[in-house]
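Notes follow once the structure below has been shown.
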Amino acid sequence: MKAHALVLAGALACGAAAWAPPALAVMDPAQAQADVDAAMRAHAYTFCRAPHEPLSGDALALCPHASSIPDCSGYAAACAKMTTPPSWSLPSWWGMFALPPFLGVLFQVLMWLVVAALVLAILVPVVAAIVRYRRRDDAKAKKEEKPSAAAPERLAELVASSDEEALLARADELAARGEYGAALQLYLAAGLRALDKRGAVRIARDRTNGEYVRACADAQAKPALREIVREVDQVQFGGQPATREAASRAAQRAMAIVKAVPLAILVVLLPLVLGCSGAASLKPRVAGDDPAGGELLRDVLRAQGVTAKDLDSSLATMPLPAAGELTPAVIVDVEQTSIDDDTRAHLASWVDAGGVLVLAGSPTQWPKEFGASYAWATGPRKITARRLLARAVEAEPGEEDDGDDDSESAIYARTEEHGVLATDRGLKFKGPSENIAWFDDKTTYAAVVAYGKGRVLCMASDELLTNAGIAHPGNAAALVAILAATSRSDVRIADPEDGVSPPSTPIAALLRAGLGMGLLHAVPFILVLFVGAGTRLSRPRPSPPPRRRAFAEHVAAVGALYARTHNGAHALAAYARFADERLRARMPRGSTDVGGFLASRAGMPLDVSQRLWARAMQAKAGAPPLGDELSVLRELSVVYAAAMQQER
Amino acid sequence: MDPSQFQQTFERIKQQMARVIVGQEQLVDGVLVGALAKGHILVEGAPGLGKTLVARTLAVVSGCAFKRIQFTPDLMPSDITGSSVYSRETGKFTFVPGPIFAQLLLADEINRAPAKTQSALLEAMQDHQVTVDGTSRPLPAPFVVVATQNPVESQGTYPLPEAQLDRFLFKLTVDDPPPEVERTIVRHHADGFDPTDLSALQAATSPQEIAAMQQHAQGVRVDDAVVTYVVEMVRRTRDDKAIELGASPRASIALVRAAQVIAASEGRTFVTPDDVKPMVAPVLRHRVMLHPDAQLQGITADERIDEIVKAVPVPRLAA
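Protein chains in written order, with my numbering: chain A, 66 to 713; chain B, 62 to 380.
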């Protein structure tokens with residue numbers, strides 16, 4: 066050992082060995098506590114005074130620090146509230162009345178049913194009101210566009226502005242008052258409205274009751290609708306009196322139609338509502354109110370002169386370091402950032418290529434290549450950390466420095482830092498590791514593992530990265546001493562969402578977001594919705610009979626033929642004869658001056674009109690073209706149209 | 062006659078006719094409804110679609126006296142109505158009735174005769190009597206004219222004048238049958254069916270019963286709302302811009318009468334708008350004259366009528 070130190074000292078003195086740059090010379094554990102106090106004052110973090118309640122599981126695990134942190138009575142009180150058993154206790158015989166476990170699930174389902182009912186109770190009136198409002202607008206528009214129609218009757222207005230439930234209720238009222246005729250009408254209207262909503266019929270003002278029955282796509286509702294129509298027709302057109310029995314029969318059938326809500330939709334909707342459960346606290350979170358948060362870590366690192374930023378990318382897509390590249394160290398708290406297999410593999414490759422990684426939390430979540438596993442400390446939960454000052458890279462004797470096979474030596478500060486933890490979890494490694502922090506029983510708490518060209522700084526827990534853990538007196542210094550082992554002044558901190566590789570498909574993204582169950586429920590729901598709406602839209606409608614070719618199309622086609630054959634003279638002659646025949650039919654009896662008639666009707670100068678007409682009449686089929694045929698034809702057609710328009 | 066008896070007889074006639082007529086249900090229904098509504102029926106369609114066969118079958122099934130007149134360009138009115146012939150034995154003119162003196166008259170290819178000859182039917186169709194040499198002679202009851210005509214675009218045809226057209230309750234159009242129906246028709250003939258020999262058919266009713274059915278149909282109740290509905294549709298044909306000449310009040314009457322038969326055929330004693338609607342096109346299509354510009358644009362009477370039907374709201378909520 067002594068010889069090795071001498072060799073190292075000699076190398077330092079004569080420069081025979083290459084030195085890694087003392088990148089973390091700025092990190093000073095002695096200043097760490099002062100930095101923490103300054104950050105607490107500057108940002109007024111509330112995790113001590115008024116932590117976010119109820120405390121999360123992580124924050125609860127950090128409760129042993131609460132009493133040791135100055136001015137942290139709020140956190141301590143919250144911990145006490147959470148950990149103290151209730152002052153009262155149930156008598157021993159109470160166990161007789163303990164509920165079976167399945168009742169919990171049952172009550173949960175009932176709870177969600179109540180929630181769903183509440184949502185529906187809110188939504189249904191809103192949607193109904195919107196629909197009613199729109200229908201009222203439609204009815205108003207129809208009324209405005211056809212003022213000659215008969216004045217809308219009271220019932221018609223009611224039918225136009227109410228949904229089926231309201232119509233049923235109104236019909237019941239009328240029946241109770243003895244107005245059976247009106248009640249029958251409303252029962253029919255309610256049935257039709259319900260069927261229209263389901264897409265089984267399409268309500269239109271030109272449709273007869275018989276057409277509704279024949280077109281009803283709901284086979285189960287068809288007989289009931291037929292019965293109602295029969296009752297209504299007998300009263301309305303058959304002159305028979307409306308009786309209570311008839312109204313009662315119609316009411317039963319209308320009720321059967323209206324209340325037949327598609328159960329399939331409910332069946333699909335319910336699990337959708339139940340499947341998309343999620344707990345959300347009503348109290349909004351504020352930065353720095355969580356004892357298990359990470360705000361202090363960033364503040365302390367920055368105060369230490371380290372560039373600490375969020376990773377802002379996925380751990381699985383970090384570019385591999387190039388040879389000799391000094392990439393930032395990446396801190397990953399696997400308790401907060403879950404990493405998947407792809408990410409684990411990429412992290413191993415990244416470190417192998419020269420990256421420096423800080424892993425905190427459960428080693429079972431780390432890449433297995435690093436060979437770490439849990440070990441448990443037996444003594445007090447105090448750790449001692451040593452600060453790395455520099456690493457010396459010694460060249461092998463007699464060889465040039467190629468940077469590959471050189472051995473390294475670490476130089477640590479003489480002073481050691483001491484921290485207190487809430488956990489007794491330590492680490493052990495399959496391969497060689499370099500202890501950075503350890504419990505009093507020498508169980509490793511933090512260590513550096515060399516892997517390929519890079520290093521991994523492993524920490525058995527993440528509490529030194531949390532607000533409460535850092536705020537505990539002495540822990541900040543221990544943390545700074547541990548992180549000095551990264552030999553980096555640039556650090557990236559992974560966010561919780563950085564641990565998973567980017568989804569390859571949108572569906573994979575939804576599944577990862579925990580919406581898989583919701584998606585599964587949404588698919589049949591959409592299918593049902595699609596079928597429900599699609600059935601209505603896809604119902605065959607009578608297609609209009611094929612029309613004959615429009616006259617305008619015929620003229621255009623013939624004109625195109627003339628143009629292709631360069632026979633404008635024929636076109637002009639034909640059009641002139643057509644116009645001549647039509648115009649003479651409208652000219653005053655005895656008049657023969659077509660040009661003058663055109664001029665008077667089209668409002669154009671007489672000489673121009675006569676010249677145009679004379680030219681048109683000169684045109685003969687087969688005559689050699691003069692070149693002006695199409696322009697004359699176009700001009701004549703405009704004048705002719707103007708004259709005929711005037712005639713009308 | 063009670064409603065159920067009417068319904069049963071109606072169905073019986075249809076069943077008998079269906080033994081001969083394949084795939085022309087609408088034509089059969091139309092002719093039958095027209096006859097029971099005391100109307101005359103004009104059937105238009107290309108040759109060979111079974112128009113004549115329908116009329117002959119109806120005559121056999123109904124037991125009515127049947128006569129057929131083949132209209133030709135040289136046909137004279139007296140060839141239809143009959144004429145007074147001088148008898149040398151008695152020294153007097155004796156009236157020899159023409160073929161019009163029948164209960165079911167088939168006027169085949171009516172538009173091949175000129176307007177003068179066509180008009181010989183006017184009095185008979187309207188007043189059910191014929192006046193020859195100043196003497197009016199009643200026609201037997203029931204009296205139904207089933208006229209067939211080829212489309213007016215065919216060569217050698219004379220369009221029927223409006224007054225003549227208005228006398229027809231219905232104008233039914235016959236289209237080419239779909240392939241499967243045509244196969245059935247051919248198979249029917251290949252199996253020995255002879256359209257000239259309808260002796261296998263049985264009379265499903267009698268002229269007296271037909272007359273009774275006509276009387277019954279006229280007694281079917283028509284509510285004011287239905288009358289308003291009918292009148293509104295007919296009036297709209299007069300306001301339609303694409304229609305130069307709309308339908309007359311006779312069309313409204315015809316529409317109601319046809320609807321009454323439809324209602325009676327379903328065993329009802331009252332007419333609903335559902336009975337009216339399918340009768341609108343057959344009643345109106347020959348009574349409206351399209352504007353020439355609309356014709357040039359390819360608009361048809363049926364299309365305009367369809368639009369009108371869609372535009373008129375069905376009577377509802379009249380409580």
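We put the CB at the ideal spot given by N, CA and C, even for glycine.
Values in this document were obtained by computation on a predicted structure and should not be read as measured data.
Contact between GLU305 of chain B and HIS352 of chain B holds: CB atoms are separated by about 4 Å, below the 8 Å threshold.
The Cβ atoms of ALA265 of chain B and VAL122 of chain B lie closer than 8 Å to each other. DSSP places LEU486 of chain A in the coil class of the three-state scheme, outside both helix and strand. Residue contact check for THR273 of chain A against chain B: a CB pair falls below 8 Å. Secondary structure in the stretch 184–236 of chain B: the alpha helix (DSSP H) runs of 4 residues or longer, each lying completely within the stretch, are 223–228 in chain order. The Cβ atoms of SER552 of chain A and VAL421 of chain A lie closer than 8 Å to each other.
Note on GLY100 of chain B: 16 or more other CB atoms within 10 angstroms of its CB, so buried under the neighbour-count rule. In the same chain as ARG647 of chain A, and ignoring 5 residues on each side of it, the C-beta atoms closer than 8 Å to its own belong to TYR705 and MET709, in chain order.
Annotation: the continuous alpha helix (DSSP H) that includes GLY139 of chain A extends over 138–148. Chain A places a beta carbon closer than 8 Å to that of ARG282 of chain B, counting this residue as a contact.
Straight through space, the alpha carbons of ALA186 of chain A and LEU168 of chain A are spaced by roughly 26 Å.
Take the alpha-carbon of VAL89 of chain B and the one of LEU253 of chain A: they are about 34 Å apart. One finds nothing in chain B with a Cβ atom closer than 9 Å to the Cβ of ARG649 of chain A; even the nearest lies about 15 Å away.
Judged by their CB atoms, TYR140 of chain A and ALA131 of chain A are nearer to each other than the 8 Å cut-off. By the rule that beta-carbons nearer than 8 Å mark a contact, ARG200 of chain A does not touch chain B. In the same chain as GLU499 of chain A, and ignoring 5 residues on each side of it, the C-beta atoms closer than 7 Å to its own belong to ALA475, ALA512 and VAL513, in chain order. Of all residues in the stretch 235–251 of chain B, none places a beta-carbon less than 7 Å from a beta-carbon of chain A.
Sequence-distant partners of ARG490 of chain A (beyond 5 residues in either direction) whose C-beta falls short of 7 Å from its own C-beta, in its chain, are TYR439, TRP441, ALA525 and SER526. The Cβ atoms of SER313 of chain B and VAL332 of chain B do not sit closer than 8 Å to each other.
Taking 8 Å as the threshold, the shortest C-beta distance from VAL373 of chain B to chain A falls below it. Contact between PRO94 of chain A and GLU482 of chain A holds: CB atoms are separated by about 5 Å, below the 8 Å threshold. DSSP places LYS447 of chain A within a strand segment (E or B) once states are collapsed to three. Residues of the stretch 312–341 of chain B with a C-beta atom less than 7 Å from some C-beta of chain A are THR330, PHE331, VAL332, THR333, PRO334, ASP335 and LYS338, listed in chain order.
Pairing VAL235 of chain B with VAL104 of chain B gives a Cβ-Cβ distance under 8 Å. Cβ neighbours of ASP283 of chain A within its own chain (closer than 7 Å, five residues either side excluded): LEU260, ARG263 and ALA265. Per DSSP, VAL297 of chain A is one residue of the alpha helix (DSSP H) stretching across 287–301. Nearest in C-alpha terms to LEU701 of chain A, of all of A:PRO445, A:ARG235, A:THR488 and A:ALA641, is A:ALA641. In its chain, beyond the 5 residues on either side, THR298, VAL341, ALA342, LEU345, ARG346 and VAL349 have a beta carbon closer than 8 Å to the beta carbon of ILE366 of chain B.
Using a CB distance below 7 Å, no part of the stretch 285–297 of chain A faces chain B.
Any Cβ of chain A closer than 8 Å to the Cβ of VAL370 of chain B would place that residue at the interface, and such an atom is present.
Identification of chain B residues near GLY256 of chain A by a Cβ-Cβ cut-off of 7 Å yields none; the smallest Cβ-Cβ distance measures about 13 Å.
Residue range 659–667 is occupied by the alpha helix (DSSP H) that includes PHE662 of chain A. If you draw a 10 Å sphere on the C-beta of PRO310 of chain B, you find fewer than 16 other C-beta atoms in it, and that means exposed. In this structure the stretch 169–186 of chain B does not lie against the stretch 232–248 of chain B, because fewer than three pairs of beta carbons, one per stretch, are closer than 8 Å. Taking 9 Å as the Cβ-Cβ cut-off, the stretch 300–316 of chain A approaches chain B at VAL300, GLN301, PHE302, GLY303, GLY304, GLN305 and ALA307, given in chain order. Judged by DSSP in its simplified three-state form, ALA502 of chain A adopts strand.
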